[in-house]
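Chains A and B, in that order, are what the protein sequence lines are.
Heads up: the first sequence begins at 1 in the numbering used here, then just goes up one per residue.
Heads up: the second sequence begins at 226 in the numbering used here, then just goes up one per residue.
Down below is the structure, laid out as structure tokens.
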Amino acid sequence: MNLFAQAAQFLTDPANWAGPTGIPVRLLEHVGYSALTMAIALVVAVPLGLWVGHTGRGGGVVVGLAGALRSLPTLGLLTLFTLLMGLGLMPPILALVLLAIPPILSGTYSGIAAVSPALVDSARSMGMTESQTLLRVEIPVALPVILGGIRNAALQVLATVTIVAYINLGGLGRYLIDGLAVRDYSRMLASVVLVAVLALAADAVLALFQRLVTSPGLTLTGDRP
Amino acid sequence: MNWLANNWSSVLELAGSHLVQSVVPVVIGLLVSVPLARAAAGSRWLRPVLVTGSSLLYTIPSLTLFVVLPLILGTQITSVGNVVVALTLYVVAILVRSCVDAFESLDRDVLQAATAMGYKPVRRFFGVELPLAVPVMVAGLRVATVSNISMVSVGAVIGIQSLGTLFTDGLRRSIISEIVVGIVATVVIAVVLDQLLRLLGHALTRWQRTGAGARRPAERRRDKNGPGGARGGAGALATVESGGAPA
């Protein structure tokens, strides 16, 4: 319990909330790395998932690719890219992007693929073009599943960004690695608690967003498509 | 690959430790989740508690658990036990949710038929409900196993021995082949275990394929509703598949 008290003391010490190594700066770095990672992963994975889900072509490849990427250890990629490309922002971001792609890709793909064929056929028979079918029917219906995948990816990224401190970058993991180096357990504890709070807060925000953008037609009682 | 030739015994040792840290949680997690999920299915108070609890737990990063658990368990921070307990919690979080869905979406007609044939509750559970839930369970187990294998290596950052140690050590000593060996070994373990689980699922669900030719329409209807006649089972599968676990 003493350690929890010390961690609480670390977290409430005004000195730790100011300056370039203060908690707000580390928090911003953490969120910044995560946002950059997610932006790249979204640009890659969402269009690919939409295309495969819509055309039905290459579904097996996507599932296999997502599975293969998922089994790659992020820490291994992080250290490998760092050795190959040198210290800097891009090696860890690249490793994190590979972590974020599988949930987004499989969420987008399975969401679109699960849209009832009858619904798609009726959209086409009403004269909608392929892109209209995708934009006005398939995406709105699949949105909860797509956002579920994105939310999942965001959580994993926020959690894993902690380890970029291991290769001399910032973020909330800085306190974990620095605390470990000087055997300051309370600082390590403060670090992981901050990451957990950030993850819980981000999840709550994303869950709210997911609820807000879900088409009301999908939440009506009765048979869901 | 000279590096591997000189260090294969330590790689094997780390791989063994890695395997223990990722597989033991899956086994314990399964044994805990199934009865828990069965009890929660249809329960008015246990179900929301478990479903909310597991999604909250799932949001907690693994590194947080690796650092906090020693304080609760009284273990060393570098102890393998912390990883086993933390990952067991994640496995339970993944499996309970999908198993509750699987048990709740069982076809009532099938259950009534089993009861009518004289199946007592316990026998009905093991003979009918559990087998019908196998596809969803196997899907959950595969996701849990693969994400465990990838998460175990993160423990190396705070000094817990696993294949992840090859990454931290390789970075410190700038040995690229050491890191590559670690990545390849991790992926090989993940693929082998994943395929073993797939085969296990295949062997346990032979009823899904018997007489498929004669029962095409029924089969197709079942596919749409999810595997094993589990209505909503497909939804559960999709949730499971789009989800990894927090690293």
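C-beta atoms are modelled at their ideal positions from N, C-alpha and C, and glycine is treated no differently.
Note that the structure is a prediction, hence the values are computed from the model and not measured.
Can you tell me whether residue i is buried or exposed? The criterion is at least 16 other CB atoms within 10 Å of its CB, across all chains shown.
i: S122 of chain A; result: exposed
i: I139 of chain A; result: buried
i: S279 of chain B; result: buried
i: H427 of chain B; result: exposed
i: P346 of chain B; result: exposed
i: L396 of chain B; result: buried
i: V182 of chain A; result: exposed
i: V308 of chain B; result: buried
i: N227 of chain B; result: exposed
i: L320 of chain B; result: buried
i: I297 of chain B; result: exposed
i: S268 of chain B; result: exposed
i: Q337 of chain B; result: exposed
i: D334 of chain B; result: exposed
i: A201 of chain A; result: exposed
i: S131 of chain A; result: exposed
i: D203 of chain A; result: buried
i: N373 of chain B; result: buried
i: N2 of chain A; result: exposed
Within a Cβ cutoff of 7 Å, which residues of the same chain sit near residue i, ignoring the five residues on either side of it in sequence?
i: V257 of chain B; result: V317
i: L77 of chain A; result: A95, L98
i: T133 of chain A; result: V120, A123, R124
i: D448 of chain B; result: Since pLDDT at D448 of chain B reaches only 44, below the 50 mark, its modelled position is unreliable, and no value is offered.
i: P20 of chain A; result: none
i: G22 of chain A; result: N16
By Cβ distance, which residues of its chain are closer than 8 Å to residue i, with the 5 residues on each side in sequence left out?
i: A159 of chain A; result: V195, A199
i: Y344 of chain B; result: G352, V353
i: G173 of chain A; result: H30, V161, T162, I163, V164, A165, Y166, S191, V195
i: L425 of chain B; result: V363
i: A339 of chain B; result: R349, G352, V353
Looking only at C-alpha atoms, which of the options sits nearest to residue i?
i: L228 of chain A; options: A:W51, A:I104, A:G76, A:V157; result: With chain A represented from 1 up to 225, any question about residue 228 of chain A goes unanswered, as that position is not in the structure.
i: S116 of chain A; options: A:G88, A:L218, A:L11, A:M38; result: A:L218
i: Q433 of chain B; options: B:T313, B:P356, B:L239, B:T340; result: B:P356
i: Q6 of chain A; options: A:M188, A:V213, A:A204, A:V44; result: A:M188
i: P295 of chain B; options: A:A201, A:Y185, A:Q210; result: A:Y185
i: P47 of chain A; options: A:V62, A:L36, A:V157; result: A:V62
i: S287 of chain B; options: B:M376, B:Q420, B:L261; result: B:M376
i: I302 of chain B; options: B:F291, B:L418, B:V412; result: B:F291
i: S330 of chain B; options: B:V309, B:A262, B:G306; result: B:A262
i: G170 of chain A; options: A:A142, A:R26, A:A8, A:D203; result: A:R26
i: V371 of chain B; options: B:Q337, B:D334, B:L312; result: B:L312
i: S387 of chain B; options: B:S235, B:I253, B:L229, B:T289; result: B:S235
i: P250 of chain B; options: B:Q420, B:L320, B:M342, B:V310; result: B:V310
i: R322 of chain B; options: B:T340, B:V259, B:D332, B:Q337; result: B:V259
i: V137 of chain A; options: A:T214, A:Q156, A:G67, A:A154; result: A:T214
i: L282 of chain B; options: A:L143, A:L155, A:T37; result: A:L155
i: T37 of chain A; options: A:V157, A:G53, A:A142; result: A:V157
i: N232 of chain B; options: B:D419, B:G407, B:T289; result: B:G407
i: G54 of chain A; options: A:A114, A:L3, A:I177; result: First, the amino acid is wrong: residue 54 of chain A is His here, not Gly. Here the closest residue by C-alpha is A:A114.
i: L83 of chain A; options: A:N168, A:S110, A:A18, A:L42; result: A:N168
i: A264 of chain B; options: B:L418, B:A339, B:G254, B:F328; result: B:F328
i: V409 of chain B; options: A:I40, A:W17, A:A68, A:V44; result: A:A68
i: V44 of chain A; options: A:R211, A:I150, A:V193; result: A:I150
i: F392 of chain B; options: A:F81, A:G64, A:M85; result: A:F81
i: V141 of chain A; options: A:G148, A:A118, A:I112; result: A:I112
i: A394 of chain B; options: A:A39, A:A35, A:T79; result: Residue identity differs from the one stated: residue 394 of chain B is Asp in this sequence, not Ala. Closest option to D394 of chain B, Cα to Cα, is A:T79.
i: Y227 of chain A; options: A:G88, A:D13, A:P14; result: Since the first residue of chain A shown is 1 and the last is 225, residue 227 of chain A is not available in this structure.
Could you give the DSSP three-state label for residue i: helix, strand or coil?
i: D184 of chain A; result: coil
i: D332 of chain B; result: coil
i: S280 of chain B; result: helix
i: I139 of chain A; result: helix
i: L388 of chain B; result: coil
i: R73 of chain A; result: What sits at residue 73 of chain A in the sequence shown is Pro, not Arg. Reduced to three states, the DSSP call for P73 of chain A is coil.
i: R367 of chain B; result: helix
i: I242 of chain B; result: As written in the sequence, residue 242 of chain B is Ser, which differs from the Ile given in the question. If DSSP states are grouped into helix, strand and coil, S242 of chain B belongs with the helices.
i: I285 of chain B; result: coil
i: V115 of chain A; result: coil
i: N168 of chain A; result: coil
i: P20 of chain A; result: coil
i: G56 of chain A; result: coil
i: G86 of chain A; result: coil
i: G343 of chain B; result: coil
Please return the same chain residues whose Cβ sits closer than 6 Å to the Cβ of residue i, not counting the five positions on each side in sequence.
i: L366 of chain B; result: L422
i: A66 of chain A; result: P102, L105, S106
i: H243 of chain B; result: V377, S387, L388
Quiz item: Taking contact to mean at least 3 C-beta pairs separated by less than 8 Å, is the stretch 112-130 of chain A in contact with the stretch 67-81 of chain A?
Solution: Short answer: they don't touch.
Quiz item: Between the stretch 57-71 of chain A and the stretch 355-364 of chain B, do three or more beta carbon pairs fall short of 8 Å?
Solution: The stretch 57-71 of chain A, when compared against the stretch 355-364 of chain B, does not touch it at the 8 Å Cβ threshold.
Quiz item: Counting Cβ pairs closer than 8 Å, one from the stretch 399-411 of chain B and one from the stretch 264-280 of chain B, do we hit at least three?
Solution: Cβ pair count under 8 Å is below three, so no.
Quiz item: Using 8 Å as the Cβ pair cut-off and three pairs as the minimum, do the stretch 207-216 of chain A and the stretch 381-394 of chain B touch?
Solution: Output reads no: the stretch 381-394 of chain B does not touch the stretch 207-216 of chain A.
Quiz item: Is it true that the stretch 102-115 of chain A meets the stretch 77-92 of chain A, where meeting means three or more beta-carbon pairs spaced less than 8 Å apart?
Solution: Taking a contact to require three or more Cβ pairs closer than 8 Å, the stretch 102-115 of chain A and the stretch 77-92 of chain A do not qualify as touching.
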